[in-house]
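There are 2 protein chains.
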Amino acid sequence: MQQAIAILDSGVGGLTVVKEVMRQLPQEKIIYFGDTARTPYGPRPSEDVVSFTRQIVDYLIQFSPKMIVIACNTATAVALEDIRSRVNIPVVGVIHPGARAAIKATKTGIVGVIGTDGTIRSGAYEHALKQIAPQLQVVSRACPDFVPLVEKGQFRTSHTYKVVERALYDLKDNAMDCLILGCTHYPFLTETISEVMGPEVALISSADETAREISTILYQSNQLARSDETPIHQFFCSGEPGMFRKIAQDWLGDHILLQPVVWQSPSIS
Amino acid sequence: MQQAIAILDSGVGGLTVVKEVMRQLPQEKIIYFGDTARTPYGPRPSEDVVSFTRQIVDYLIQFSPKMIVIACNTATAVALEDIRSRVNIPVVGVIHPGARAAIKATKTGIVGVIGTDGTIRSGAYEHALKQIAPQLQVVSRACPDFVPLVEKGQFRTSHTYKVVERALYDLKDNAMDCLILGCTHYPFLTETISEVMGPEVALISSADETAREISTILYQSNQLARSDETPIHQFFCSGEPGMFRKIAQDWLGDHILLQPVVWQSPSIS
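Protein chains in written order, with our numbering: chain P, 4 to 272; chain Y, 4 to 272.
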């Protein structure tokens, strides 16, 4: 029985990590949990986010995964260290991978970060960036209106464009040459964000970068999947599965979901 | 006393990894060993390369480094697992980082690899790529004439252009969209290789990618440098230091070498 990578998020955002793991590590089995009943995490007090994350990890750990991926920037910012201290397998967050990719990419030394209120308030990206490269200049911006658009499936409407433009308009005045999408929901809005920011600003998806780091860590600990079988993924969500299923199919493609998928709601408080 | 990252290579090629570690991890101390007396490793029998690599690791381990980086593709291909079994600290090679970056980058699914005879003969890149993503198509090419050019400091001469063009000319016939520079010497020739291959082929430097993976592994094992002091690097080479010093200054910049540098030849067989 192939051991899975367990990936969790506040909702559908972590599916951006799933998509990249499927592409970059096609032999790995994934178990996903989206806490759609309690999304968004961004505006919630830290202690609630820690408690929700613990609860989901307790649920996922019963599948004996080989790794836990906290595919939510808000939960990574406040709960990563706590979860690390509670389990005996590698725990990967999405903040440091994005930070490292920005450090590798920037030429001007000015890096932008957008995220939820919770992520930006925590200062986690600024801390991660400056811990490694203290000379960097970091410009952060909370974009609390983005996640609700994604959870409703509104990726490319004119309303979405207006919301994104209003949020990012004056960020362009800086000499930043890369902008970290510091929320795993934001890659759903990549086209719109890119249009607003212009071609000279490289968008760094913490989702894409996290998939690559998962690959690094599995290799380094000699845990890459060796099976030639096609992995069978499992998806769980805490809320009503209709919208989750629709977004997952739109994002991951119908062919992916032709593989057996188990939809099941664990009891949550 | 800050623990260093120990980086070794057959000669000056590993300086491309050093440069990126300095840029991406400016707080980390580096101890470098270039085996300039026995370069190039590419045409040598595997057992010699394993034996040389062991000897250098034995020399470097006396400095109690926190990590060993085999910044030579030939040595990574044949000696990585051997060295891993001999030391109790993380050992990082340059092959898997390049492979992972190519998997992340490719859209066509056709990846090119150039390297020394030893690296290409080992099939190490093809193995690393297909272990992770079996559907990829890999086109490999040994370029034994490149390392001697670099060790002589001939990066941008017209002779160099002719040698590179002759070696890579017909590789362009493939639909490859990325080419792994599977030798840490090759980034010295980036401009020439890029001119020959054209803008539609992304060049992936295993050196740059390795620096990023060093960052990932140090973070994951909680070993990032916390010091605010400027690290003092040390460089060793086994051969005559004149050309090594010249290339190091050209590549790393004079300001880097204003920091104290110790030149010393260990006894080698």
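Built from N, CA and C at the ideal position, the CB exists for glycine as well.
Rounded straight-line distance, which links the Cα of residue j to that of residue i
| i | j | result |
| --- | --- | --- |
| Ile-235(Y) | Ala-178(P) | 31 Å |
| Ile-59(Y) | Ala-7(Y) | 15 Å |
| Ser-208(P) | Ile-73(P) | 15 Å |
| Pro-263(P) | Thr-233(P) | Below a pLDDT of 50, predicted positions are generally treated as unreliable, and Pro-263(P), at 36, falls in that range; the measurement from the model is reported next regardless. Whole-angstrom Cα-Cα distance: 12 Å. |
| Gln-267(P) | Pro-29(Y) | Annotation note: pLDDT 48 at Gln-267(P) (below 50); position unreliable, coordinate value reported separately. Gln-267(P) and Pro-29(Y): Cα-Cα distance of roughly 47 Å. |
| Ala-104(P) | Arg-215(Y) | 8 Å |
| Gly-17(Y) | Asp-211(Y) | 11 Å |
| Arg-41(Y) | Thr-195(Y) | 26 Å |
| Thr-109(P) | Pro-46(P) | 30 Å |
| Arg-87(Y) | Ile-10(Y) | 14 Å |
| Pro-43(P) | Ser-197(Y) | 45 Å |
| Lys-22(P) | Trp-254(P) | 8 Å |
| Pro-48(P) | Asp-120(P) | 10 Å |
| Pro-269(Y) | Asp-85(Y) | Only weak support exists for where Pro-269(Y) lies, its pLDDT of 49 falling under 50; the value from the coordinates is given anyway. Their Cα atoms are separated by approximately 22 Å. |
| Gly-156(Y) | Ala-170(P) | 50 Å |
| Ala-131(Y) | Ser-54(Y) | 23 Å |
| Ala-310(Y) | Ile-135(Y) | Residue 310(Y) lies beyond the stretch modelled for chain Y, which goes from 4 to 272, so this question has no answer here. |
| Met-4(Y) | Val-94(P) | 29 Å |
| Val-199(Y) | Glu-168(Y) | 6 Å |
| Arg-144(Y) | Thr-213(Y) | 21 Å |
| Cys-75(Y) | Leu-227(P) | 23 Å |
| Ser-272(P) | Asp-173(P) | Because Ser-272(P) carries a pLDDT of 46, less than 50, the predicted location of this residue cannot be relied on, and the following value inherits that uncertainty. About 41 Å. |
| Leu-260(P) | Pro-190(P) | Its pLDDT being 49, under 50, Leu-260(P) is placed unreliably by the model, and nothing is read from it. |
| Cys-186(P) | Asp-51(P) | 18 Å |
| Tyr-222(P) | Leu-152(Y) | 33 Å |
| Val-116(Y) | Ala-78(P) | 39 Å |
| Lys-133(Y) | Leu-139(Y) | 6 Å |
| Ser-67(P) | Thr-122(P) | 29 Å |
| Phe-149(Y) | Val-114(Y) | 20 Å |
8 Å Cβ cut-off: residues of chain P touching residue i
| i | result |
| --- | --- |
| Thr-219(Y) | His-99, Pro-100, Arg-103, Glu-216, Thr-219 and Ile-220 |
| Gln-27(Y) | Arg-103, Ile-106, Lys-107, Ile-135 and Ala-136 |
| Ala-132(Y) | Just to set this straight, residue 132(Y) is Leu in the shown sequence, not Ala. By Cβ distance, chain P contributes nothing, its closest Cβ being about 11 Å from Leu-132(Y), past 8 Å. |
| Asp-211(Y) | Lys-107 |
Limits of the unbroken alpha helix (DSSP H) element including residue i
| i | result |
| --- | --- |
| Leu-255(Y) | 244 to 255 |
| Gln-27(Y) | 18 to 27 |
| Thr-56(Y) | 49 to 64 |
| His-162(Y) | 161 to 171 |
| Glu-31(P) | Premise fails: Glu-31(P) is in no alpha helix (DSSP H) and is neither H nor E. |
| Pro-137(Y) | Taken as a continuous stretch (DSSP letters only), Pro-137(Y) belongs to no alpha helix (DSSP H), as it is neither H nor E. |
| Cys-152(P) | Reading off the sequence shown, one finds Leu at residue 152(P), where the question assumed Cys. That run of the alpha helix (DSSP H) goes 149 to 154. |
| Thr-233(P) | Unbroken run through Thr-233(P): none, as it is neither H nor E. |
| Thr-193(P) | 193 to 200 |
Residue i - partner residues in DSSP beta bridges
| i | result |
| --- | --- |
| Phe-36(P) | Leu-11(P) and Phe-239(P) |
| Leu-206(Y) | Leu-182(Y) |
| Met-70(P) | Ile-8(P) |
| Val-95(Y) | Val-72(Y) |
Host beta strand (DSSP E) of residue i (start-end)
| i | result |
| --- | --- |
| Arg-144(Y) | 140 to 145 |
| Val-116(Y) | 113 to 118 |
Chain Y contact residues for residue i, given Cβ-Cβ distances below 8 Å
| i | result |
| --- | --- |
| Leu-18(P) | None at all; the shortest Cβ gap to chain Y is about 18 Å. |
Within chain P, partners of residue i - CB distance below 9 Å
| i | result |
| --- | --- |
| Gln-223(Y) | Pro-93, Val-95, His-99, Glu-216, Thr-219, Ile-220 and Gln-223 |
Chain Y contact residues for residue i, given Cβ-Cβ distances below 9 Å
| i | result |
| --- | --- |
| Leu-227(P) | Gln-134 and Ile-135 |
Inter-stretch contact at 8 Å, needing at least 3 Cβ pairs: the region 48 to 62 of chain P / the region 197 to 205 of chain P:
Contact between the region 48 to 62 of chain P and the region 197 to 205 of chain P is not established, with fewer than three Cβ pairs separated by less than 8 Å.
Cβ contact (3+ pairs, closer than 8 Å) linking the region 154 to 172 of chain P and the region 238 to 253 of chain Y
Between the region 154 to 172 of chain P and the region 238 to 253 of chain Y, the count of Cβ pairs shorter than 8 Å is below three; the stretches do not touch.
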